[in-house]
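K.L.:
Sharing a structure below in structure tokens format, with a few things to ask.
Protein chains: 2
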Amino acid sequence: MSVTIKDIAKAAGVSPGTVSRVLANKAEFFSAKTARKVRSVAQELGYRKNTAAAELVTRQSHDLAVIVNTTKTNFANHIIEGIQETAFPAGLNVIMLYAGDTNSEQQRRALNTVIERSVRGILLLSLELDPENLTLLQSTQIPYCFLSISFQGPQSPFITSDDWQVGYQATKYLLAQGHRQIGLAAVDTQTSITGKLRVAGYQQALREAGVASSPHWIHPGDYSYAAGQAAMQSYGRQPEVSAVLAGSDMAAIGVMNQARMLGLTVPSDLSVMSIDGTELCDIVQPQITSLTQSFYDMGVAGVQHLLAKDTPTVQTYTPIQVIERDSVMKRIP
Amino acid sequence: MSVTIKDIAKAAGVSPGTVSRVLANKAEFFSAKTARKVRSVAQELGYRKNTAAAELVTRQSHDLAVIVNTTKTNFANHIIEGIQETAFPAGLNVIMLYAGDTNSEQQRRALNTVIERSVRGILLLSLELDPENLTLLQSTQIPYCFLSISFQGPQSPFITSDDWQVGYQATKYLLAQGHRQIGLAAVDTQTSITGKLRVAGYQQALREAGVASSPHWIHPGDYSYAAGQAAMQSYGRQPEVSAVLAGSDMAAIGVMNQARMLGLTVPSDLSVMSIDGTELCDIVQPQITSLTQSFYDMGVAGVQHLLAKDTPTVQTYTPIQVIERDSVMKRIP
DNA sequence: CTGTTAGCGCGTTCAG
DNA sequence: CTGAACGCGCTAACAG
Numbered sequence: 199m200s201v202t203i204k205d206i207a208k209a210a211g212v213s214p215g216t217v218s219r220v221l222a223n224k225a226e227f228f229s230a231k232t233a234r235k236v237r238s239v240a241q242e243l244g245y246r247k248n249t250a251a252a253e254l255v256t257r258q259s260h261d262l263a264v265i266v267n268t269t270k271t272n273f274a275n276h277i278i279e280g281i282q283e284t285a286f287p288a289g290l291n292v293i294m295l296y297a298g299d300t301n302s303e304q305q306r307r308a309l310n311t312v313i314e315r316s317v318r319g320i321l322l323l324s325l326e327l328d329p330e331n332l333t334l335l336q337s338t339q340i341p342y343c344f345l346s347i348s349f350q351g352p353q354s355p356f357i358t359s360d361d362w363q364v365g366y367q368a369t370k371y372l373l374a375q376g377h378r379q380i381g382l383a384a385v386d387t388q389t390s391i392t393g394k395l396r397v398a399g400y401q402q403a404l405r406e407a408g409v410a411s412s413p414h415w416i417h418p419g420d421y422s423y424a425a426g427q428a429a430m431q432s433y434g435r436q437p438e439v440s441a442v443l444a445g446s447d448m449a450a451i452g453v454m455n456q457a458r459m460l461g462l463t464v465p466s467d468l469s470v471m472s473i474d475g476t477e478l479c480d481i482v483q484p485q486i487t488s489l490t491q492s493f494y495d496m497g498v499a500g501v502q503h504l505l506a507k508d509t510p511t512v513q514t515y516t517p518i519q520v521i522e523r524d525s526v527m528k529r530i531p
Numbered sequence: 199m200s201v202t203i204k205d206i207a208k209a210a211g212v213s214p215g216t217v218s219r220v221l222a223n224k225a226e227f228f229s230a231k232t233a234r235k236v237r238s239v240a241q242e243l244g245y246r247k248n249t250a251a252a253e254l255v256t257r258q259s260h261d262l263a264v265i266v267n268t269t270k271t272n273f274a275n276h277i278i279e280g281i282q283e284t285a286f287p288a289g290l291n292v293i294m295l296y297a298g299d300t301n302s303e304q305q306r307r308a309l310n311t312v313i314e315r316s317v318r319g320i321l322l323l324s325l326e327l328d329p330e331n332l333t334l335l336q337s338t339q340i341p342y343c344f345l346s347i348s349f350q351g352p353q354s355p356f357i358t359s360d361d362w363q364v365g366y367q368a369t370k371y372l373l374a375q376g377h378r379q380i381g382l383a384a385v386d387t388q389t390s391i392t393g394k395l396r397v398a399g400y401q402q403a404l405r406e407a408g409v410a411s412s413p414h415w416i417h418p419g420d421y422s423y424a425a426g427q428a429a430m431q432s433y434g435r436q437p438e439v440s441a442v443l444a445g446s447d448m449a450a451i452g453v454m455n456q457a458r459m460l461g462l463t464v465p466s467d468l469s470v471m472s473i474d475g476t477e478l479c480d481i482v483q484p485q486i487t488s489l490t491q492s493f494y495d496m497g498v499a500g501v502q503h504l505l506a507k508d509t510p511t512v513q514t515y516t517p518i519q520v521i522e523r524d525s526v527m528k529r530i531p
């Protein structure tokens, strides 16, 4: 069928072994002359390397797999960019697979696809794995790392923001602006540890400020636009809170739009702050003050972690910072 | 190293051939009893299929490759969703690769990666390929299809919106709302045929309405937010046009925000319409009236095209429609 | 229904 | 520096 190294060996009058060495650029294990010859013949014949054959014998692929969920938020691009730009110079190809958010079967298929290809490493983007799928992942020798998500147990390496600090710092900022009644909207307090940590940080900040927080201030959700809307709907036309911290940029926009529908003006009637800090913050009106995460860095760190020879179960945190824009108003008591 | 079918053959007391048949679910070429035995042993030993070996002999992968560019717009998700949901039931795994927008080297690497794996098919998302990379792609036997982009020549299959109609229909709509001076912003009139067709459709609609259009009404760009801003900046504080058609949702938001900065209110001072119609249209204020494309359908059609036995060089168009929201005001002459 | 055999295309010995 | 030979793990004929 397709042309193999044998074909080009014959055509070039050398042995397949030599062709292999030339094409793989094995140091100076061949003369410049034969190299030229071989390469030109290969070119001419339209030779295409068979990766399957190569991987079969070397048991090493040059691929890095990224498994992403069909997330309702939009920061994945930034992480992927960081991954891409770190992997590329290292000679790694990045292949991405989607795994449904809630679809265990699809998760399994994505995992199997990359495991059976014995990729060089696996990066999982804000993906909550079923126990059995986690076991599947761990049962392989393939290095992996979770990104933008954290866990309780020490068994899995991950790189993310320190979510307790996320809740804490954002709330501190709002407090510093004079707010006392502060809502927390559209963070997932049920299944994800991420949400739980954010709540804990939020509550601690309130406690330190001597604010007796109310459970009514918290409206959990899945970080989506709709969750933000729903939360604001609950706060109502005359909200008990003067500021709302939303679980994502999209959620914050949901909060703001719903507030507008309720006749409230942001930020004069209600301050809104988001967690994430993607470009969405800049394109809406008013621009959203955010607790900004270092998504790009997560991608970079993820690849570096996979590339590192020894892969201890690290749990790394990337920087966070408050970026002031126009959706939070200072409140003079 | 890892456990192979031989290992499990030995452990189960059968031959490797049988194991292979069972694991590949070759119809009823084995008894239920041995099947059970084999499967349980495989499970127990933690057997993991070696895809490289299987592909080496069958010369067929079950992977579909999607190559996307790091686009400044945001519709790719919808196309990918369509691809995913069509490929999945067909037993195909979707792997996605990024290829820089302008980076020929990165394009080549992405292409080579998937070609050397002899994937089942290649879908290219709004990707402008270098001539040499296009040649590379065409030199393989792998079926491919461009999505959300069109070409002049008949050599490559693509599925997209009819971009002439996009420009034409959108402009017709604006005309029907009573607008005469209509701007066209942030479409690429230089390199892409897409942009050229939209301009042509736009101009034809104007012509049919007896409007003598002015070149000043057109401000080309790369469909980005910044391009939208720049265009609006050019229109200025007292725009000659009463409505602007923007090349993408993001561009339209750029136009609207810049208009606001110039002291103009949308839609009372200036109407804005976008091309694409993604969820961005719903989350900004005012919500953007759009010429909406069928991105999901493009993905579906793309997979179906690849799956079809004979793959003629088809050029398919997916539906478009005007979705009215709040950014266009009827103008009473 | 099952065992046996023969490669798939490549990288890597080991001699020369 | 190069050729010959082997085998990676699996599937696809064949015979039984």
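So the protein lines, in turn, are chains A and B.
199 is the number of the first residue of the first sequence in my numbering; add one for each residue after it.
199 is the number of the first residue of the second sequence in my numbering; add one for each residue after it.
By construction, the Cβ of each residue, glycine as well, lies at the ideal position given by its N, Cα and C atoms.
Since the structure is predicted, the reported quantities are computational estimates derived from the model, not experimental observations.
1) Any beta carbon of chain A sitting closer than 8 Å to that of S337 of chain B?
2) Are there 16 or more other CB atoms within 10 angstroms of the CB of S412 of chain B, so buried, or fewer, so exposed?
3) Around the C-beta of T333 of chain B, are 16 or more other C-beta atoms found within 10 angstroms, so that it is buried, or is it exposed?
4) Under 7 Å Cβ-Cβ, which residues of chain A neighbour T249 of chain B?
5) Of the residues that make up the segment 280 to 312 of chain B, which ones have a beta carbon closer than 8 Å to any beta carbon in chain A?
6) Please list the residues of the segment 454 to 471 of chain A that have a C-beta atom closer than 8 Å to any C-beta atom in chain B, keeping them in chain order.
7) Would you kindly check if the distance between the Cβ of I486 of chain B and the Cβ of V439 of chain B is under 8 Å?
8) Could you tell me whether the Cβ of V482 of chain B comes closer than 8 Å to any Cβ of chain A?
9) Applying the criterion that 16 or more other CB atoms from any shown protein chain within 10 Å of the CB defines a buried residue, is T463 of chain A buried or exposed?
10) Going by alpha carbons, who is nearest to K394 of chain A out of A:S238, A:V364, A:A407, A:G452?
11) Is the CB-CB distance between Y366 of chain A and A403 of chain A below 8 Å?
12) Could you check whether D261 of chain A and L295 of chain A sit closer than 8 Å to each other, using their CB atoms as the reference points?
13) Let's see if you can read the secondary structure: which residues bound the alpha helix (DSSP H) around I281 of chain A?
14) Measuring alpha carbon to alpha carbon, tell me which residue in A:G399, A:G298, A:G280, A:G445 is nearest D502 of chain A.
15) Which residue's Cα is closest to the Cα of Q353 of chain A: A:V201, A:P329, A:K528, A:Q431?
16) Using a beta-carbon distance below 8 Å, is I380 of chain A in contact with chain B?
17) For S432 of chain B, does the three-state DSSP call read helix, strand or coil?
18) For A274 of chain B, collect the residues of the same chain with a Cβ closer than 6 Å to its Cβ; drop the 5 residues on either side in sequence, then sort them by chain order.
19) Run the CB neighbour count on P465 of chain A, radius 10 Å, all protein chains shown included, and call it buried at 16 or more, exposed below.
20) According to the neighbour-count rule (16 or more other Cβ atoms, all chains shown, within 10 Å of its Cβ), is T256 of chain A buried or exposed?
21) Using the beta-carbon count (16 or more within 10 Å), is N223 of chain A buried or exposed?
22) Can you tell me the Cα-Cα spacing of G258 of chain B and G211 of chain B, whole angstroms?
23) Could you tell me the boundaries of the alpha helix (DSSP H) in which N331 of chain A lies?
24) Cβ of L504 of chain B within 8 Å of Cβ of P287 of chain B?
25) Along chain B, in chain order, which residues have C-beta atoms closer than 8 Å to that of I451 of chain A?
26) Does A244 of chain B get closer than 8 Å to chain A when you measure Cβ to Cβ?
27) Run through the DSSP bridge pairs and tell me what V470 of chain A is partnered with.
28) Note down the Cα distance separating V385 of chain B from A441 of chain B, rounded to an integer number of angstroms.
29) Rounded to the nearest angstrom, what separates S238 of chain A and L327 of chain B at their Cα positions?
30) Measuring only the C-alpha atoms, how far is Q339 of chain A from I313 of chain A?
31) Identify which residue in B:I206, B:K247, B:A250 has its Cα closest to the Cα of T232 of chain B.
32) Distance check for I481 of chain B and T392 of chain B, CA to CA, integer angstroms please.
33) Helix, strand or coil: which one does DSSP assign to H260 of chain A?
34) With a threshold of 16 other CB atoms inside 10 Å of the CB of G319 of chain B, please say whether the residue is buried or exposed.
35) Under the rule that 16 or more other beta-carbon atoms within 10 Å means buried, what is P517 of chain B, buried or exposed?
36) Starting from I340 of chain B, find everything on chain A with Cβ-Cβ shorter than 8 Å and list it in chain order.
P.N.:
With the structure as the only source:
1) Along the second sequence, read from residue 1 onward, the residue named residue 337 of chain B stands at position 139. By this cut-off, S337 of chain B is an interface position.
2) The sequence position of residue 412 of chain B within the second sequence is 214, counting from 1. S412 of chain B should be labelled exposed.
3) By one-based count along the second sequence, residue 333 of chain B stands at place 135. Per the 10 Å Cβ criterion, exposed.
4) Locating residue 249 of chain B in the second sequence gives position 51, where the first residue counts as 1. Ordered by position in chain A, the residues that pass the 7 Å Cβ test against T249 of chain B are E314, R315.
5) Q282, F286, N291, V292, I293, M294, L295, Y296, Q304, R307, A308, T311
6) N455, R458
7) As a working note, residue 439 of chain B is residue 241 in the second sequence. As a working note, residue 486 of chain B is residue 288 in the second sequence. No; because the gap between Cβ atoms is not below 8 Å, this pair is not in contact.
8) If you number the second sequence from 1, residue 482 of chain B lands on position 284. Taking Cβ atoms only, chain A reaches closer than 8 Å to V482 of chain B, which makes this a yes.
9) In the first sequence, residue 463 of chain A corresponds to position 265, counting from 1. With fewer than 16 Cβ atoms within 10 Å of its Cβ, T463 of chain A is classed as exposed.
10) In the first sequence, the residue the question calls residue 394 of chain A occupies position 196. Here the closest residue by C-alpha is A:V364.
11) Within the first sequence, the letter at position 168 stands for residue 366 of chain A. Within the first sequence, the letter at position 205 stands for residue 403 of chain A. Contact flag set, yes.
12) For the purposes of this step, residue 295 of chain A is taken as the residue at position 97 of the first sequence. For the purposes of this step, residue 261 of chain A is taken as the residue at position 63 of the first sequence. Not in contact: L295 of chain A and D261 of chain A (Cβ atoms no closer than 8 Å).
13) For the purposes of this step, residue 281 of chain A is taken as the residue at position 83 of the first sequence. That run of the alpha helix (DSSP H) goes 274 to 285.
14) Taking the first sequence and counting its residues from 1, the one referred to as residue 502 of chain A is at position 304. The identity of residue 502 of chain A in the sequence shown is Gln, whereas the question assumes Asp. Out of A:G399, A:G298, A:G280, A:G445, A:G280 has the C-alpha closest to the C-alpha of Q502 of chain A.
15) Here residue 353 of chain A refers to the residue found at position 155 when the first sequence is read from its first residue. When each option's Cα is compared against that of Q353 of chain A, the closest is A:P329.
16) Taking the first sequence and counting its residues from 1, the one referred to as residue 380 of chain A is at position 182. No, because no Cβ of chain B sits closer than 8 Å to the Cβ of I380 of chain A.
17) The residue you call residue 432 of chain B lines up with position 234 of the second sequence. S432 of chain B: helix per DSSP, three-state reduction.
18) The residue given as residue 274 of chain B occupies position 76 in the second sequence. V266, L323.
19) Mapped onto the first sequence, residue 465 of chain A falls at position 267. Buried, by the Cβ-count rule.
20) Here residue 256 of chain A refers to the residue found at position 58 of the first sequence. With fewer than 16 Cβ atoms within 10 Å of its Cβ, T256 of chain A is classed as exposed.
21) The sequence position of residue 223 of chain A within the first sequence is 25, counting from 1. Result: exposed.
22) Here residue 258 of chain B is taken as the residue at index 60 of the second sequence, counted from 1. Here residue 211 of chain B is taken as the residue at index 13 of the second sequence, counted from 1. Sequence check: residue 258 of chain B is Gln here, not Gly. About 30 Å.
23) As a first step, residue 331 of chain A must be located in the first sequence, where it is residue number 133. Segment 329 to 336, the alpha helix (DSSP H) holding N331 of chain A.
24) Translated into positions along the second sequence, residue 504 of chain B becomes position 306. Translated into positions along the second sequence, residue 287 of chain B becomes position 89. In this structure, P287 of chain B does not lie closer than 8 Å to L504 of chain B by Cβ.
25) Against the first sequence, residue 451 of chain A aligns to sequence position 253. Going along chain B in sequence order, the residues near I451 of chain A (Cβ under 8 Å) are I481.
26) In the second sequence, the residue the question calls residue 244 of chain B occupies position 46. Checking the displayed sequence, the identity of residue 244 of chain B turns out to be Gly instead of Ala. Yes, G244 of chain B counts as interfacial toward chain A.
27) Position 272 of the first sequence, counting from 1, holds the residue named residue 470 of chain A. Paired residues: A:V442.
28) Residue 385 of chain B sits at position 187 when you count from the first residue of the second sequence. Residue 441 of chain B sits at position 243 when you count from the first residue of the second sequence. Between V385 of chain B and A441 of chain B, the C-alpha separation is close to 15 Å.
29) Taking the first sequence and counting its residues from 1, the one referred to as residue 238 of chain A is at position 40. Taking the second sequence and counting its residues from 1, the one referred to as residue 327 of chain B is at position 129. Taking the straight line from one Cα to the other gives about 25 Å.
30) In the first sequence, residue 339 of chain A corresponds to position 141, counting from 1. In the first sequence, residue 313 of chain A corresponds to position 115, counting from 1. Approximately 9 Å between the Cα atoms of the pair.
31) Along the second sequence, read from residue 1 onward, the residue named residue 232 of chain B stands at position 34. Ranking the options by Cα distance to T232 of chain B, first place goes to B:I206.
32) Numbered from its first residue, the second sequence carries residue 392 of chain B at position 194. Numbered from its first residue, the second sequence carries residue 481 of chain B at position 283. Each residue's Cα considered, the two are about 27 Å apart.
33) Locating residue 260 of chain A in the first sequence gives position 62, where the first residue counts as 1. Here H260 of chain A sits in coil by DSSP.
34) For the purposes of this step, residue 319 of chain B is identified with residue 121 of the second sequence, where counting begins at 1. With 16 or more Cβ atoms within 10 Å of its Cβ, G319 of chain B is classed as buried.
35) Sequence index remark: in the second sequence, residue 517 of chain B carries index 319 (1-based). Flag for P517 of chain B reads exposed.
36) Counting from one through the second sequence, the residue named residue 340 of chain B turns up at place 142. Those within 8 Å of I340 of chain B in chain A number zero; the least Cβ separation is about 10 Å.
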